[in-house]
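Counted the way UniProt numbering counts, the sequence shown spans residues 1 to 109.
The C-beta atom is built at its ideal place from N, Cα and C for all residues, glycine as well.
Every value quoted in this text rests on a predicted model; they were computed, and no experiment measured them.
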Amino acid sequence: MNVANTQIQMRKGLLEFCVLHIISRGEVYTSDLIEELTQAQMIVVEGTLYPLLNRLKSASLVEYRWVESESGPPRKYYSITEEGKAFLGTLSTTWDSLVNSTLLITSKN
């Protein structure tokens, strides 16, 4: 078994939660999302973000607006919807529970 593959799968499982959390702080441009996720070592390939954003948009959890750019093509800025805020709240509760459960198990010898 390859540990790197397992680590990647663990990150992918948390990526949706992290993306929603970042967007919930305020309107965000895609490259800013990529930068924060990369700095946190949560994203391995940029190509995984775009399909995720499309799924979140299709599920009405995020929305976007186009903003004209002085230095190139228009930019797409994402924001969280009310439905997305509720969904994120549920994910946050689940995350807290998972962290507590994992610590309970891994703290024992």
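In this structure, what does DSSP give as the bridge partners for residue i?
{"i": "tyrosine 78", "result": "Val28 and Tyr64"}
{"i": "serine 69", "result": "Gly72"}
Over the uninterrupted alpha helix (DSSP H) stretch that includes residue i, give me the two end residues.
{"i": "serine 58", "result": "49-58"}
Quick check: what's the CA-CA separation for residue i versus residue j?
{"i": "leucine 98", "j": "threonine 90", "result": "12 Å"}
{"i": "alanine 40", "j": "tryptophan 95", "result": "17 Å"}
{"i": "valine 67", "j": "lysine 76", "result": "6 Å"}
{"i": "proline 74", "j": "tyrosine 29", "result": "11 Å"}
{"i": "threonine 106", "j": "arginine 65", "result": "44 Å"}
{"i": "serine 31", "j": "leucine 53", "result": "12 Å"}
{"i": "leucine 61", "j": "glutamine 7", "result": "26 Å"}
{"i": "glutamate 36", "j": "phenylalanine 17", "result": "14 Å"}
{"i": "tyrosine 78", "j": "asparagine 5", "result": "30 Å"}
{"i": "glutamate 27", "j": "valine 19", "result": "12 Å"}
{"i": "phenylalanine 87", "j": "leucine 49", "result": "19 Å"}
{"i": "proline 51", "j": "valine 3", "result": "25 Å"}
{"i": "glutamate 70", "j": "isoleucine 43", "result": "28 Å"}
{"i": "lysine 12", "j": "valine 45", "result": "11 Å"}
{"i": "serine 58", "j": "lysine 108", "result": "42 Å"}
Could you give the C-beta distance for residue i and residue j, rounded to a whole number, given that I count them as a contact under 8 Å?
{"i": "leucine 33", "j": "isoleucine 22", "result": "6 Å"}
{"i": "threonine 81", "j": "glutamate 63", "result": "6 Å"}
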